[in-house]
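**Student:** For reference, the structure I am asking about is given below.
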Amino acid sequence: MSNYHIKHLEEYYQVYRKSVREPENFWEEVAEEHFMWRKKWDTVLSWDFSKPEVKWFEGAQLNITENCIDRHLATRGDKTAILFEPNNPKEASVSISYRELSERVNKFANVLKDHGIEKGDRVCIYLPMIPELAVSVLACARIGAIHSVVFAGFSSTALSTRINDSQCKMVITSDGSYRGAKTIDLKGIVDEALNDCPCVETVLVARRILSDINMKIGRDKWLQPLLDEASSVCAAEVMNAEDALFILYTSGSTGMPKGMVHTTAGYMVYTAYTFKNVFQYREDDIYWCTADIGWITGHSYIVYGPLANGATTVMFEGVPSYPDYGRFWEIVEKHKINQFYTAPTAIRALAKQGLEVVEKYDLSSLKTLGSVGEPINEEAWHWYNDNIGKKKSPIVDTWWQTETGGIMITPIPFVTPTKPTYATLPFIGIQPALMDENGYEIKGNQVDGRLCIKFPWPSMARTIWGNHQRYKDTYFSAFENKYFTGDGALRDEVGYYRITGRVDDVIIVSGHNLGTAPIEDAVNEHPAVAESAIVGFPHDIKGNALYGFVILKDTGESRDHTNLRKEINQIITEHIGPIAKLDKIQFTQGLPKTRSGKIMRRILRKIACNDTSNLGDTSTLLNPEIVQSIIDGAKDSK
Ligand code: ATP
Ligand code: MG
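Start counting the sequence shown at 1; every next residue gets the next number (full-length UniProt numbering).
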């Protein structure tokens, strides 16, 4: 198991150095020892960031489902692969063993084939977090069809745009979905979307909420009867290392989503290797990532990474607030969760509820906590650390992107000493660089700049579907010979990285570059503040000034806003300096968020600049109704 499972800091540095000095040798060893290949590669890596073109393990042949399923059958056939926890706690959870998963995936794969799906065809999956979602993803991979999972909270327009962009031949959906106390008519949304999607020939419909729905004759088919008829043997398609495995659209925080294309071998090797190390997964652990498979986090760290390691991975259908805000902790107790991976937006929402709902449950099984999606502010970090991890479960603040396929900067639990708000050290094989405005790399510590990666890693996206030029322009044009992440970061005195926000959001105030994350972090330290977002607006003297949108905690008391404004600026002065004081503070009930829970700052920026005539693409917003109330409230901001 050389190099595969890092156990102490010394070893991290040693393995890291090797991975940087001899990346080809390093990844070749990992690939050779821990995966099942039909044929080994001829070349470990070839790359040219100017084209850009990156190829890992060229010449190799494999099928990722043989690595995620078949090879475990001899030793882990009866082990639970997927543990399904339904929306309603009164409904029984379901354990799917590796053997059952194998049968279900093979049957599903045969159904796909029977409906004319071949290697390279695109299949859109629009399903709630039910086992069919993971099974259909794997069934596509089994036969070499390219899956494009669209988060089942997206609107019909967002869905049809994505279906058309990649010309999907089939859509897999369900009659509906449960979301807390509500049901959602998924099939109705699909029907509406498909009015604009002539490329779709077949719709497979899973039964979930037993609702009455329209079935279009010739196009729509109930899934279960087809599965019942299908054979449970389906030979895995032999894939080339660089064949596309899936397309996944970015969350759309900054504009029109991009259809990132991930390929087979490198993605498999990197997600499996990171899963093992970043969560310190041991054979009998129960691992739970609360993300939806509709996001990259779910692809890499609910499905592929865990299953490639023969792990038990939990799939949760519901929401953190149903039937009450104790639901996450109830599940941790019920399934004795060992690794728990969630997002800062969820942590903040749960922290707002107080401790009563936490203290009812036994969380002693937890060993590692994870965070992903946004910078985690200091207050939320401490709440998570103190009340959930009880100061004994390290928090891994994992920075990565849809584009990177896997975790890039992160502590390794029990190995890397953690530091609140810091994603800490680059993962094995990752070579970050901080760049200045003029395109030069900033060396040394205690510096900040634009975060780039200067050497390829196995799971990087290879292109944007149908638009290689956009891929090049977005990621490889800002800095020569480097992948540009779009995020800003600082490196502290020991070399730890802190993500300071998106570079587009950096605000230049009187010549100082201010990232949004550290200021929001300071604002959130105020005991009355639940959440905040900072943007810039033009200012005659300073060039730009800062505008804060602040959500207060719901305590039922009324508050003196003038005093609050002073206190918030006082905290900012103490934490960062008077330069970062907010010129305007608007108290609001909510913030515009993407469906993955991220603040959409570009909309706030427009409101702050009083330029609300064209807010751009808002189809990925979770709560479009909040926008008007913020616009109205802006008039009263001071
Ligand atoms: P789009 O690219 O369409 O605007 P998006 O960037 O939100 O959407 P994702 O790929 O889901 O889409 O998110 C990646 C981004 O999330 C990162 O670039 C970074 O800004 C942020 N992020 C993710 N994890 C962390 C983290 N641990 N700390 C700070 N920021 C993070
Ligand atoms: Mg992005």
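Every residue gets a Cβ at the ideal spot worked out from N, C-alpha and C, and that includes glycine. Keep in mind that this is a model prediction, so the values were computed, not measured.
Indicate whether the contact test is met: 3 or more Cβ pairs, each with one atom in the stretch 5-25 and one in the stretch 102-120, closer than 8 Å.
**Tutor:** Cβ pair count under 8 Å is below three, so no.
**Student:** Relative to the alpha-carbon of residue 448, which residue among 466, 503, 481 has its alpha-carbon at the smallest distance?
**Tutor:** The candidate whose alpha carbon is nearest that of residue 448 is 503.
**Student:** Report buried or exposed for residue 317, applying the criterion of at least 16 other Cβ atoms within 10 angstroms of its Cβ.
**Tutor:** Residue 317 is buried by the Cβ-count criterion.
**Student:** Count Cβ pairs between the stretch 374-386 and the stretch 508-528 that sit closer than 8 Å; are there 3 or more?
**Tutor:** yes
**Student:** What residue range is occupied by the uninterrupted alpha helix (DSSP H) comprising residue 422?
**Tutor:** That residue, residue 422, is in no alpha helix (DSSP H); it is neither H nor E in DSSP.
**Student:** Three-state secondary structure (DSSP) at residue 574?
**Tutor:** helix
**Student:** In three-state DSSP terms, what is residue 199?
**Tutor:** Of the three classes helix, strand and coil, the one that applies to residue 199 here is coil, per DSSP.
**Student:** Rounded to whole angstroms, what is the Cα-Cα separation between residue 5 and residue 276?
**Tutor:** Straight through space, the alpha carbons of residue 276 and residue 5 are spaced by roughly 7 Å.
**Student:** Can you list, in chain order, the residues of its chain with a C-beta nearer than 7 Å to that of residue 336? Leave out the 5 residues immediately preceding and following it.
**Tutor:** 286, 365
**Student:** Do residue 122 and residue 247 have their CB atoms nearer than 8 Å?
**Tutor:** Going by C-beta atoms, residue 122 is nearer than 8 Å to residue 247.
**Student:** Please report the distance separating the alpha-carbon of residue 212 from that of residue 99.
**Tutor:** 33 Å
**Student:** Measuring straight from C-alpha to C-alpha, what distance separates residue 91 and residue 296?
**Tutor:** C-alpha separation (whole angstroms): 28 Å.
**Student:** Does the distance from the CB of residue 142 to the CB of residue 289 come in under 8 Å?
**Tutor:** Using a Cβ distance threshold of 8 Å, residue 142 and residue 289 do not count as a contacting pair.
**Student:** Does the ligand ATP have a heavy atom nearer than 7 Å to the CB of residue 594?
**Tutor:** At a threshold of 7 Å, residue 594 counts as near the ligand ATP, since its beta carbon sits closer than that to one of the ligand's heavy atoms.
**Student:** Would you call the CB atoms of residue 680 and residue 78 closer than 8 Å?
**Tutor:** Only positions 1 to 638 of the chain appear in this structure, which leaves residue 680 out of reach.
**Student:** Can residue 499 be considered in contact with the ligand ATP, in the sense that its beta carbon sits closer than 7 Å to one or more heavy atoms?
**Tutor:** Result yes, Cβ under 7 Å from the ligand ATP.
**Student:** Buried or exposed for residue 63, going by 16 or more other Cβ atoms inside 10 Å?
**Tutor:** That one is buried.
**Student:** Check whether the Cβ of residue 360 lies closer than 8 Å to any Cβ atom in chain C.
**Tutor:** Among the chains in the structure shown there is no chain C, since it carries only a single protein chain.
**Student:** Just checking, does the stretch 105-115 make contact with the stretch 152-159 on the three C-beta pairs under 8 Å criterion?
**Tutor:** Segments in contact, no.
**Student:** In the DSSP output, which residue or residues are listed as bridge partners for residue 289?
**Tutor:** For residue 289, which the question treats as bridged, DSSP gives the partners 341.
**Student:** Given the structure, does residue 295 come close to the ligand ATP, in the sense that its CB is under 7 Å from one of the ligand's heavy atoms?
**Tutor:** Correct: residue 295 has its Cβ closer than 7 Å to the ligand ATP.
**Student:** According to DSSP, is residue 538 helix, strand or coil?
**Tutor:** Reduced to three states, the DSSP call for residue 538 is strand.
**Student:** How far does the alpha helix (DSSP H) with residue 105 in it extend, from its first residue to its last?
**Tutor:** Per DSSP, residue 105 belongs to the alpha helix (DSSP H) from 98-114.
**Student:** According to DSSP, simplified to helix, strand and coil, what is residue 347?
**Tutor:** helix
**Student:** What first and last residue would you give for the beta strand (DSSP E) that runs through residue 512?
**Tutor:** 512-514
**Student:** Between residue 615 and residue 474, what straight-line distance do the alpha-carbon atoms span, to the nearest angstrom?
**Tutor:** 21 Å
**Student:** Could you tell me which residues DSSP pairs with residue 533 in its beta bridges?
**Tutor:** 549
**Student:** Excluding five sequence neighbours on each side, which residues of the same chain lie with their C-beta closer than 6 Å to the C-beta of residue 310?
**Tutor:** For residue 310, where only same-chain residues beyond five positions count, the Cβ hits under 6 Å are 72, 76.
**Student:** CA-CA distance, residue 231 and residue 414?
**Tutor:** 46 Å
**Student:** Does the separation of the CB atoms of residue 168 and residue 136 fall below 8 Å?
**Tutor:** no
**Student:** Using 10 angstroms around the beta-carbon of residue 244, count the other beta-carbons present and answer buried if the total reaches 16, otherwise exposed.
**Tutor:** buried
**Student:** Report the residue from 606, 626, 314, 331 whose alpha carbon sits nearest the alpha carbon of residue 130.
**Tutor:** 314
**Student:** For residue 56 versus residue 206, is the C-beta spacing smaller than 8 Å?
**Tutor:** no
**Student:** Which value, in whole angstroms, describes the spacing of the CA atoms of residue 191 and residue 477?
**Tutor:** 40 Å
**Student:** For my contact list, residue 342 and residue 370 are in at a C-beta cut-off of 8 Å; report their separation, rounded to the angstrom.
**Tutor:** 7 Å
**Student:** Please list, in chain order, all residues of the same chain as residue 464 whose beta carbon is under 8 Å from its beta carbon, the five residues on each side excluded.
**Tutor:** Taken in chain order, the residues that qualify are 258, 259, 260, 261, 470, 471, 474.
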